[in-house]
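Protein sequence lines correspond, in order, to chains A and B.
When the letters of the first sequence are read in order and numbered with our numbering, they come out as residues 1124 to 1465.
When the letters of the second sequence are read in order and numbered with our numbering, they come out as residues 1124 to 1465.
Here's the structure we're looking at; comments come further down.
Protein chains: 2
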Amino acid sequence: MAEETPRATLDEMRALVADLPGPDLEAGSMAATREAQLTKPPGALGRLEELTQWMASWQGKHPPSVVHPRTAVFAGNHGVAALGVSAYPAAVTAQMVQNFIAGGAAVNQLCKAVDADLRVYEMALEQPTADFTRAPAMSDEDCALAIAYGMMAVEPGIDLLALGEMGIANTTAAAALCCALFGGNAAHWVGPGTGVAGAALERKTAVVEEAVARHRGAVRDGFDWLRCVGGRELAAIVGAIIAARRARVPVVLDGYAATAAAAVLFALDPRALDHCLVAHRSAEPGHARLLDRLGKPPLLDLGMRLGEASGATLAISIIKAALACHTGMATFAEAGVSGKET
Amino acid sequence: MAEETPRATLDEMRALVADLPGPDLEAGSMAATREAQLTKPPGALGRLEELTQWMASWQGKHPPSVVHPRTAVFAGNHGVAALGVSAYPAAVTAQMVQNFIAGGAAVNQLCKAVDADLRVYEMALEQPTADFTRAPAMSDEDCALAIAYGMMAVEPGIDLLALGEMGIANTTAAAALCCALFGGNAAHWVGPGTGVAGAALERKTAVVEEAVARHRGAVRDGFDWLRCVGGRELAAIVGAIIAARRARVPVVLDGYAATAAAAVLFALDPRALDHCLVAHRSAEPGHARLLDRLGKPPLLDLGMRLGEASGATLAISIIKAALACHTGMATFAEAGVSGKET
């Protein structure tokens, strides 16, 4: 990846976050006005109505549309995987990338089901990040390059971006990020991930605790934490979220790892995630806690905990349905339906 | 409708309910076996995995499929509408049926989004059922005919049936059914429906209380309650559920009114709804209570409260996605992905 990407620094990324565009209030207001005229009791479509207004506000147009949704899956490897924090060997990251390319993973089927374009971004899998119990996971420049790489997922024409990841041991990185950004014991943020329990789960918790303690003194903001205890795929998600905001592309976040990456931006500016929706509440216990901190109610709650943007991609079907109602329904006047009696 | 339908009695319907087929355990087991081999940690797709096994068990085949889903919306009018229990005039039932036919309602857009066949069944709208605070809503034969009519929604070739309703004042009937079948105060089961509040909400509660008290002495089972405080569209939903079970078509129930209709069968035999899934938790407060009684966790929770099978139709997208994963994913062996360590 490095040779295609210009040099970058985290300070440049900080400058981008300080200058994010806001919502298009006029488009949001047009959505609300039309919604009130459609043949249903006011508010009867619940969150589908909220979704439409949110999409209009962040696409900056009315009516909003989802014609070219993209699912972006970033894959990275983690030095801490060698510490035995996952139920699967680190080789599975690359094997699953091959599975994505061959069309055999869950996200492939889900992309077909919702008619989304799937892009898989493999990030130097043969060079895991450093074991962050001993050193920062990435250098400033490596982290900034990974962020810049993630920005490339936002290409002209796409109108909705579902973000997810693949990376053995990355729920350990996610837990470390959450613990660092929001406080609390490591155990509060650590969960089974792909399925660790017993001694392995205790090891995972100890790794998170040790990592946060080690780096606490040297960090000043979320980007520093991303560099110290994150990973390339998590940094890329941060980049994709920033680029999507600038390109007026609403974002759907997947599970614990993807949302923990997004939390880095929240820590810099809580408004930085206003164009992001959390697709679902993962079964990974830290995710519900994280969503509380972010103030983001999930759209779905199906006990999923797969990652690879599976929940985010599934949520595209709900967003499409919301927009279909908003755009296609008749108004009371058009349909000759009597309004509410007072 | 009467001239096309043979004479029927509620006792004939009782006999059908006493003789419902069970699940195909072998098909369910085949689904579980394949699920365990797919390239994901065990259980990582959460409820999507349960959905697949449930679909296999009730379609009686593996792999299960959804190629021809149908959304059936039954529309009926209620004598109690004249008592001012709804925020909308009774004329809206027929007007909304016209809107369904013209393609302007929410359910039309949702059916397009999930590629479901929409059928709307208009049930003698010009002849509302009797005001059930004064007399049974229907005669034994009228109720049985409405059930038989509902059975016609299950035609050869359909592989999933989403059930919903349209009927001004039918959340009053739904509340009366729930209060009668499960006990508790009327206020426990009565909610705003399309948007009543204040004096109208008190009136609605009083109507439910009065209706249940009036008929309590004369009923012996759920079918009697359906006849006394139900409605034609609710009886038709009962019929569609019975017919679907016999034809091995899994059912997706919509909101409060549709689920209250289904509860009539639950009261006769709790296993009678095992082939039914509740699509979503409606914002109507009685629905959550009803789902607790039925032991059915909803698939979605989006604050919807529109009826017209909108939630049930939306849930088809989730079921399709679940089956797509199950059918299309590679196994660990096919993809050359390493399994769980230990």
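Glycine residues also receive a C-beta, built at the ideal position from the N, C-alpha and C atoms.
Nothing here was measured: the structure is a model prediction, and the numbers come from that model.
Buried/exposed call for T1454 (chain A), threshold 16 Cβ in 10 Å: Translated into the one-based positions of the first sequence, residue 1454 (chain A) becomes position 331. Counting C-beta atoms within 10 angstroms of its own C-beta, T1454 (chain A) has fewer than 16 neighbours from the protein chains shown and is therefore classed as exposed.
Where the stretch 1302 to 1336 of chain A meets chain B: residues whose CB sits under 8 Å from a CB there: Along the stretch 1302 to 1336 of chain A, the positions whose C-beta sits under 8 Å from a C-beta of chain B are T1317 and G1318, read in chain order.
Contacting residues, own chain, Cβ-Cβ under 6 Å from L1437 (chain A) (five flanking each side not counted): Taking the first residue of the first sequence as 1, we reach residue 1437 (chain A) at position 314. L1233.
Where V1130 (chain B) falls: helix, strand or coil (DSSP): The residue you call residue 1130 (chain B) lines up with position 7 of the second sequence. Note that residue 1130 (chain B) corresponds to Arg in the displayed sequence, not to Val. In this structure, R1130 (chain B) counts as coil in the three-state DSSP scheme.
Q1160 (chain B) versus K1235 (chain A) - alpha carbon distance: The residue you call residue 1160 (chain B) lines up with position 37 of the second sequence. The residue you call residue 1235 (chain A) lines up with position 112 of the first sequence. If you take the alpha carbons of Q1160 (chain B) and K1235 (chain A), they lie about 21 Å apart.
Interface flag, K1235 (chain B) vs chain A, CB-CB below 8 Å: Position 112 of the second sequence, counting from 1, holds the residue named residue 1235 (chain B). Chain A contact via Cβ: present.
Listed by chain order, chain A residues near V1460 (chain B) by CB distance under 7 Å: To locate residue 1460 (chain B), count along the second sequence from 1; it is residue 337. V1215, Q1218, M1219 and N1222, listed in chain order.
For D1347 (chain A), the three-state DSSP class (helix, strand or coil): Residue numbering aside, residue 1347 (chain A) sits at position 224 when the first sequence is read from its first letter. DSSP places D1347 (chain A) in the helix class (H, G or I) of the three-state scheme.
A1141 (chain B) classed as buried or exposed, judged by whether at least 16 other C-beta atoms fall within 10 angstroms: Here the question's residue 1141 (chain B) lines up with position 18 in the second sequence. Under this definition A1141 (chain B) is an exposed residue.
Interface residues of chain B facing G1426 (chain A) [CB-CB closer than 7 Å]: Translated into the one-based positions of the first sequence, residue 1426 (chain A) becomes position 303. Under the 7 Å cutoff, chain B gives G1169 and R1170.
Coil, strand or helix - F1255 (chain B) by DSSP: What you label residue 1255 (chain B) is simply residue 132 of the second sequence in a count that begins at 1. In the three-state reduction of the DSSP assignment, F1255 (chain B) falls in the coil class, being assigned neither a helical nor a strand state.
Contact set between Y1211 (chain A) and chain B, taken where Cβ atoms lie within less than 7 Å: Within the first sequence, numbered from 1, the residue matching residue 1211 (chain A) stands at position 88. For Y1211 (chain A), the chain B residues whose Cβ falls inside 7 Å of its Cβ are S1461, K1463 and E1464, in order along the chain.
F1197 (chain A) - partner residues in DSSP beta bridges: By 1-based counting over the first sequence, the position of residue 1197 (chain A) is 74. Per DSSP, the beta-bridge partners of F1197 (chain A) are A:Y1244 and A:E1288.
Residues within the stretch 1399 to 1418 of chain A neighbouring chain B, beta-carbon criterion of under 7 Å: Residues A1406.
Presumed contact (8 Å Cβ cut-off) between A1384 (chain B) and I1360 (chain B), rounded CB distance: The count along the second sequence starts at 1 and reaches residue 1384 (chain B) at position 261. The count along the second sequence starts at 1 and reaches residue 1360 (chain B) at position 237. 4 Å between Cβ atoms; contact.
Span of the beta strand (DSSP E), counted from its first residue to its last, around V1401 (chain A): Mapped onto the first sequence, residue 1401 (chain A) falls at position 278. C1399 to V1401 is the extent of the beta strand (DSSP E) around V1401 (chain A).
Span of the beta strand (DSSP E) around L1376 (chain A): The residue labelled residue 1376 (chain A) in the question sits at position 253 within the first sequence. First-last of the beta strand (DSSP E) with L1376 (chain A): V1374 to L1376.
Buried versus exposed call for T1162 (chain B) [16 or more other C-beta atoms within 10 Å across all chains shown]: Indexing the second sequence from 1 puts residue 1162 (chain B) at position 39. Result: buried.
8 Å Cβ cutoff, T1175 (chain B) in contact with chain A: As a first step, residue 1175 (chain B) must be located in the second sequence, where it is residue number 52. Residue contact check for T1175 (chain B) against chain A: no CB pair falls below 8 Å.
DSSP-derived helix/strand/coil call for P1192 (chain B): For the purposes of this step, residue 1192 (chain B) is taken as residue 69 along the second sequence, with counting starting at 1. Strand.
F1255 (chain A) vs A1299 (chain A) beta-carbon contact at 8 Å: To locate residue 1255 (chain A), count along the first sequence from 1; it is residue 132. To locate residue 1299 (chain A), count along the first sequence from 1; it is residue 176. Result yes, Cβ atoms of F1255 (chain A) and A1299 (chain A) sit closer than 8 Å.
Short Cβ contact (8 Å threshold) for L1171 (chain A) with C1351 (chain A): Taking the first residue of the first sequence as position 1, residue 1171 (chain A) is located at position 48. Taking the first residue of the first sequence as position 1, residue 1351 (chain A) is located at position 228. Contact: no.
Element boundaries [alpha helix (DSSP H), containing R1355 (chain B)]: As a first step, residue 1355 (chain B) is located in the second sequence; it is residue number 232 there, counting from the start. It spans R1355 to R1369 - the alpha helix (DSSP H) in which R1355 (chain B) sits, taken as one unbroken run.
CB of R1355 (chain A) within 8 Å of CB of M1246 (chain A), strictly: Residue 1355 (chain A) sits at position 232 when you count from the first residue of the first sequence. Residue 1246 (chain A) sits at position 123 when you count from the first residue of the first sequence. Contact: yes.
Backbone CA spacing between V1243 (chain A) and R1394 (chain B) [nearest angstrom]: In the first sequence, counting from the first residue as 1, residue 1243 (chain A) sits at position 120. In the second sequence, counting from the first residue as 1, residue 1394 (chain B) sits at position 271. Cα to Cα, V1243 (chain A) sits roughly 45 Å from R1394 (chain B).
Alpha carbon of V1069 (chain B) to alpha carbon of F1305 (chain B), nearest angstrom: Any property of residue 1069 (chain B) remains undetermined from this structure, which presents chain B solely from 1124 to 1465.
Near-chain B residues of the stretch 1275 to 1293 of chain A (beta-carbon distance less than 8 Å), N- to C-terminal order: For the stretch 1275 to 1293 of chain A, which is checked against every Cβ of chain B, not one residue is closer than 8 Å.
Bridge-paired residues (DSSP) for L1161 (chain B): The count along the second sequence starts at 1 and reaches residue 1161 (chain B) at position 38. Beta-bridge analysis with DSSP links L1161 (chain B) to B:T1454.
When A:G1202, A:T1194 and A:E1149 are compared against W1181 (chain A), the one with the closest alpha-carbon: Counting from 1 along the first sequence, the entry for residue 1181 (chain A) is found at position 58. Minimum Cα distance to W1181 (chain A) is reached at A:E1149.
Residue environment, Q1218 (chain B), which counts as buried when at least 16 other CB atoms sit within 10 Å: Here the question's residue 1218 (chain B) lines up with position 95 in the second sequence. Per the 10 Å Cβ criterion, buried.
Per-residue burial, A1138 (chain B) [other beta carbons within 10 Å of its own, 16 or more giving buried]: Indexing the second sequence from 1 puts residue 1138 (chain B) at position 15. Residue burial is scored here from C-beta neighbours: A1138 (chain B) has fewer than 16 other C-beta atoms within 10 angstroms and is therefore classed as exposed.
Counted within 10 angstroms of its Cβ, other Cβ atoms place N1222 (chain B) as buried (16 or more) or exposed: Your numbering for residue 1222 (chain B) matches position 99 in the second sequence. Answer is buried; the Cβ neighbour count reaches 16.
Reference D1397 (chain A), options A:L1376, A:V1208 and A:A1380, closest by Cα: Here the question's residue 1397 (chain A) lines up with position 274 in the first sequence. Cα-wise, what sits closest to D1397 (chain A) is A:L1376.
Amino acids of chain B, ordered along the chain, whose beta-carbon sits closer than 8 Å to that of E1457 (chain A): Numbered from 1 along the first sequence, position 334 holds the residue referred to as residue 1457 (chain A). G1227, listed in chain order.
Buried versus exposed, by CB contacts within 10 Å (16 or more), G1151 (chain A): One-based indexing of the first sequence puts residue 1151 (chain A) at position 28. Counting Cβ neighbours within 10 Å, G1151 (chain A) comes out buried, since at least 16 surround it.
Exposure of P1279 (chain B), with buried meaning 16 or more beta-carbon neighbours within 10 Å: Translated into positions along the second sequence, residue 1279 (chain B) becomes position 156. P1279 (chain B) should be labelled exposed.
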